[in-house]
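Colleague: Sharing a structure with you now.
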Amino acid sequence: ELVMRDHFIPDAVLFIDNGKIFGYGEMRNTEIPKGCEIIDAEGEYIGPGLIDIHSHTGDDVNAWEDPVAAAQFHLSHGVTTYLPTSYGRMTKEQYIAMSHRVREAMNTPEGKSIGGIYFEGPYSNPKYGSNRNLNPWNKPVLAEDYEPMIEASRGIVKVWGVAPEREDILPFVIAAKNAEPNVRFAVTHSEATPQQIERLIPYGLCIGTHHTNATGTIVNYP
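Straight run, no breaks: the sequence shown in our numbering ends on number 369.
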């Protein structure tokens, strides 16, 4: 059976070419081309996989410590592309170590569903988020801190979470963008005004994470 939205198509056939779905229909009304590999789903549901761009854990495993185990847990629940996500309270050394672990994991068969990294922190607003008293990033945004993290994550980072209101955030955003032209930025744990957000949009800010339940300034988003 094939699940489509909120109804079922019984005894369906699904056509896949090079990993992409290009057609479907009811078995009784569909001619199967010769030479196709036929896989009997045996009554299971078939549907598109989920893409999770922000999850810190998988079951009881921290994604930054064991990205393969976290990815495998999510894969078993239908998440076919997964971005392991860091915590704002991590140190620079832990961010770099996460980059190395994820890079290694992506090169294993067990980690094939890992699509890269979502870096939450270190440039969120340290006033917000969990374990705020343990956040080590309540300090200026310095190149000596972010340059090693940018370099370690080159080629695998997909999203950087930022608080656009942070002083000197723009040089970091430009450096991260120069190192990874396709990277995207997310407003995360932030109290930025719309104007502060808008100035980063040209650099690839296009995602909102935590900006409704962790800002403390919901009045900024009427």
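Ideal Cβ positions, reconstructed from N, Cα and C, are used throughout, including at glycine.
On a CA-only basis, which of A326, Y234, I297 is nearest N370? Give me that one, please.
Modeller: Because the chain here runs from 148 to 369, residue 370 falls outside it and cannot be looked at.
Colleague: Could you give the C-beta distance for K239 and D315, rounded to a whole number, given that I count them as a contact under 8 Å?
Modeller: To locate residue 239, count along the sequence shown from 1; it is residue 92. To locate residue 315, count along the sequence shown from 1; it is residue 168. Contact doesn't hold; Cβ gap of about 16 Å is too wide.
Colleague: Nearest-angstrom Cα distance between G166 and G263?
Modeller: Start at 1 with the first residue of the sequence shown, and residue 166 comes out as number 19. Start at 1 with the first residue of the sequence shown, and residue 263 comes out as number 116. In a straight line, the C-alpha of G166 is about 20 Å away from that of G263.
Colleague: Can you find a C-beta in chain D that's less than 7 Å from the C-beta of E345?
Modeller: Absence of chain D from the displayed structure is noted, only one protein chain being present.
Colleague: Can you check DSSP and say which residues form a bridge with K167?
Modeller: Working through the sequence shown from its first residue, we reach residue 167 at position 20. DSSP, once it has assigned bridges, lists D164 as partnering K167.
Colleague: Could you check the C-alpha separation between M237 and E327 for me, to the nearest Å?
Modeller: As a first step, residue 237 is located in the sequence shown; it is residue number 90 there, counting from the start. As a first step, residue 327 is located in the sequence shown; it is residue number 180 there, counting from the start. Approximately 22 Å, taken between the alpha carbons.
Colleague: What residues match up with Y229 in a beta bridge as DSSP calls it?
Modeller: The residue you call residue 229 lines up with position 82 of the sequence shown. In DSSP, Y229 forms a bridge with D199, I261.
Colleague: Within 10 angstroms of its Cβ, does H154 collect 16 or more other Cβ (buried), or is it exposed?
Modeller: By one-based count along the sequence shown, residue 154 stands at place 7. Residue placement at H154 is poorly supported in this model, since its pLDDT is 45, which falls under 50; the coordinates are not used for a value here.
Colleague: Is it true that the CB of S260 sits closer than 7 Å to the CB of T227?
Modeller: Here residue 227 is taken as the residue at index 80 of the sequence shown, counted from 1. Here residue 260 is taken as the residue at index 113 of the sequence shown, counted from 1. Yes, Cβ-Cβ distance for T227 and S260 is below 7 Å.
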